[in-house]
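Asks: Could you have a look at this structure, given as structure tokens, before my questions?
In our numbering, the protein residues as written are 30 to 666.
Structure (structure tokens):
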């Protein structure tokens with residue numbers, strides 16, 4: 030085989046030759062309409078989506094010598110749609126697992142028989158004199174991948190749900206080019222991707238080339254402050270190479286609200302320049318009133334057009350405040366999954382999910398348990414949904430060890446030993462938080478950063494949360510598994526802003542609240558929607574109303590994640606879950622636990638949620654006086 034350095038088996042190597050992470054934006058030669066559909070308007074993007082070829086092998090030793098060469102061809106290669114996963118296109122094994130790993134538990138090692146695939150696409154490229162640099166962008170590949178362009182090695186990356194970017198300027202040729210991507214099913218990073226979901230492999234999000242000007246903006250940060258009479262917008266930025274003049278404009282409905290030039294700033298290690306804008310009589314962003322301003326960063330050869338929501342999140346007396354007012358998260362956990370395309374979810378399907386949530390009284394969504402594609406967060410900005418954005422980090426399977434004493438108390442004492450409290454995993458854990466936070470730091474809908482899910486607690490999360498609070502003190506932080514204290518040493522919880530629990534009874538909640546808490550209290554998962562559930566929504570809603578420090582919760586979960594498997598004779602789609610695909614290790618129908626069916630038909634539980642959390646309800650009526658009393662449960666309207 031062509032690769033001699035097996036980086037996917039080396040925990041010390043997470044990426045090779047990737048560009049530093051940056052916020053998501055779409056550059057163009059001039060202003061474009063910002064938002065989730067902006068890709069179609071930019072003249073600086075070349076999507077490489079479409080039909081590729083795939084040469085699949087059960088392990089790397091089966092790959093032919095020279096598979097990365099520019100002129101390589103194999104009669105065994107088959108056509109494959111990118112973005113897309115192998116399993117949804119009939120290649121490899123479908124498998125649904127909840128807690129356990131799909132391979133023997135021995136971190137950081139994965140099996141030698143590790144299915145892999147060589148993805149190849151040929152494309153034409155034409156130079157743009159105003160944008161001489163070209164970056165190759167992958168937005169989602171499970172689980173890791175090596176990249177070659179025209180037979181020359183480009184680099185390596187892992188973290189399935191994160192963006193990686195490579196500079197391929199010197200490797201591209203005018204006219205025809207060949208891109209080769211070797212993807213492995215598992216890598217050492219798979220130990221941090223043990224989420225409750227179907228396990229699928231492939232290039233499942235967009236792949237594209239970005240043309241960039243030589244000296245334009247590399248990255249920028251937008252932060253807003255608020256008071257009733259005005260709002261402040263601070264834009265900080267740095268450059269790819271030389272400083273270049275940048276005009277910053279804030280626009281509201283085609284009217285320039287304020288503008289300024291970026292000027293040098295001292296004392297900031299990352300962003301070298303900034304502009305300060307002021308918005309009189311601001312229209313604030315909330316889930317009920319998701320007003321967005323347009324931001325333009327204009328240079329001679331390139332313009333970045335984005336959207337800004339004016340809002341400020343804070344905690345006061347253990348109560349979560351948005352723009353100075355208490356809010357309640359009426360949330361739901363959502364996997365990024367479609368019954369016909371798996372991990373590949375279209376912009377239209379994302380929008381459909383979020384609109385359904387809004388129509389059924391939700392105001393918040395948790396990206397369980399990984400970062401979604403950038404367009405998802407732009408949709409949340411636009412539609413008005415508070416987001417808990419979660420890092421791609423879950424090592425739940427380390428809990429399921431062979432223990433002589435398998436009581437829950439003893440399990441908690443041992444859960445963190447393999448990964449969460451092992452300093453060898455600090456780099457990988459920190460990397461996953463950094464990739465999530467840096468990419469989406471400018472999205473107003475994101476109010477909370479979550480360091481991950483169900484992975485125990487220890488030095489890895491202490492470091493990741495410390496970095497997150499230092500990098501972005503303007504948002505709140507969360508990590509539920511910090512609750513499982515093994516008692517081995519005093520752990521640092523100072524960088525966690527929200528106390529969080531899962532699936533507590535009313536009695537347990539009242540007991541914990543009676544003991545006092547200095548932090549807001551959140552049910553990050555509750556009211557499991559499996560079978561005839563949930564049936565306890567009204568009780569939880571009452572607790573949210575009666576206890577100000579309870580900032581709400583997120584129902585588990587949004588949709589049944591099952592695989593479409595054809596139709597019956599009368600035209601109904603059939604679905605398969607764990608164990609229906611010939612797999613030995615699986616967790617049955619535990620994935621069918623949503624408020625909507627796989628095709629997004631509402632279950633009764635969704636209608637119950639809409640009713641329980643409807644914003645306006647009658648609470649009393651005096652017939653003699655002809656008086657009707659209504660209660661308004663919205664936070665702002």
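We put the beta carbon where it would ideally sit given N, CA and C, even for glycine.
Pull up the distance between the alpha-carbon of residue 277 and that of residue 190, whole angstroms please.
Replies: Distance between residue 277 and residue 190, taken at the CA atoms: about 31 Å.
Asks: Under 8 Å, with one C-beta from each stretch per pair, do the region 420-429 and the region 483-495 reach the 3-pair mark?
Replies: yes
Asks: In chain order, what residues of the same chain have a beta carbon less than 6 Å from the beta carbon of residue 224, not counting five sequence neighbours either side?
Replies: For residue 224, where only same-chain residues beyond five positions count, the Cβ hits under 6 Å are 398 and 423.
Asks: By alpha-carbon positions, which one of 169, 257 and 200 ends up nearest to residue 179?
Replies: 200
Asks: Assign residue 531 to one of three DSSP states: helix, strand, or coil.
Replies: Under the three-state reduction of DSSP, residue 531 is assigned to strand.
Asks: Using 8 Å as the threshold, is the region 572-592 in touch with the region 609-626, meaning 3 or more CB pairs across them?
Replies: yes
Asks: What first and last residue would you give for the beta strand (DSSP E) that runs through residue 332?
Replies: That run of the beta strand (DSSP E) goes 332-337.
Asks: Can you give, in chain order, each stretch of the beta strand (DSSP E) that sits fully within the region 216-244 and has at least 3 residues?
Replies: 236-241
Asks: Quick check on DSSP: helix, strand or coil for residue 503?
Replies: coil
Asks: Just to confirm my understanding: we take residue 254, look at its own chain, exclude 5 residues before and 5 after, and list those with CB closer than 7 Å. What are they?
Replies: Here residue 254 has 260, 261 and 341 as same chain residues with Cβ atoms under 7 Å from its own Cβ, once five neighbours each way along the sequence are excluded.
Asks: Are there 16 or more other CB atoms within 10 angstroms of the CB of residue 186, so buried, or fewer, so exposed?
Replies: buried
Asks: Please classify residue 655 as buried or exposed, where buried requires at least 16 neighbouring CB atoms within 10 angstroms.
Replies: Under this definition residue 655 is an exposed residue.
Asks: Assuming residue 377 is part of the alpha helix (DSSP H), what are its boundary residues?
Replies: 376-388
Asks: I'd like the span of the alpha helix (DSSP H) that includes residue 463, first residue to last.
Replies: 455-469
Asks: Check the DSSP bridge columns for residue 254 and list the partner residues they point to.
Replies: 261
Asks: Closest to residue 236 by CA distance: which of 166, 394 and 545 is it?
Replies: 166
Asks: With H, G and I counted as helix, E and B as strand and the rest as coil, what does DSSP make of residue 508?
Replies: DSSP places residue 508 in coil when its eight states are reduced to three.
Asks: Identify which residue in 152, 136 and 131 has its Cα closest to the Cα of residue 144.
Replies: Comparing Cα positions, the closest option is 131.
Asks: Which first and last residues belong to the beta strand (DSSP E) in which residue 164 is found?
Replies: 162-167
Asks: Quick check on residue 457: buried or exposed, where buried means 16 or more other Cβ atoms within 10 Å of its Cβ?
Replies: buried
Asks: Check whether the region 138-153 and the region 196-216 are in contact - that is, three or more C-beta pairs closer than 8 Å.
Replies: yes
Asks: Is the separation between the beta-carbon of residue 198 and that of residue 163 shorter than 8 Å?
Replies: yes
Asks: With DSSP collapsed to three states, give me the class of residue 497.
Replies: helix
Asks: Helix, strand or coil for residue 620? Go by DSSP, reduced to three states.
Replies: The DSSP-derived three-state label of residue 620 is helix.
Asks: Just how far apart, CA to CA, sit residue 263 and residue 552?
Replies: 33 Å
Asks: When burial is assigned at 16 or more other CB atoms within 10 Å of the CB, is residue 486 buried or exposed?
Replies: buried
Asks: Closest to residue 55 by C-alpha separation, out of 217, 404 and 279, would be which residue?
Replies: 404
Asks: If you follow the alpha helix (DSSP H) that residue 444 is part of, which residue opens it and which one closes it?
Replies: 437-444
Asks: Alpha carbons only, please: which of 540, 476, 564 and 535 is nearest the one belonging to residue 527?
Replies: 476
Asks: Between the region 388-402 and the region 347-367, can you find at least three pairs of beta-carbon atoms closer than 8 Å?
Replies: The region 347-367, when compared against the region 388-402, does touch it at the 8 Å Cβ threshold.
Asks: Is residue 449 buried or exposed, if buried means 16 or more other CB atoms sit within 10 Å of its CB?
Replies: buried
Asks: Closest to residue 324 by CA distance: which of 381, 252, 378 and 352 is it?
Replies: Among 381, 252, 378 and 352, the Cα nearest to that of residue 324 is on 252.
Asks: Near residue 663, what residues of its chain come up, given a Cβ to Cβ distance below 7 Å and the 5 sequence neighbours on each side ignored?
Replies: 317 and 644
Asks: Just how far apart, CA to CA, sit residue 282 and residue 337?
Replies: 13 Å
Asks: Can you give the Cα-Cα distance for residue 84 and residue 256, rounded to whole angstroms?
Replies: 58 Å
Asks: Do the region 263-274 and the region 300-307 make contact, defined as three or more Cβ pairs closer than 8 Å?
Replies: yes
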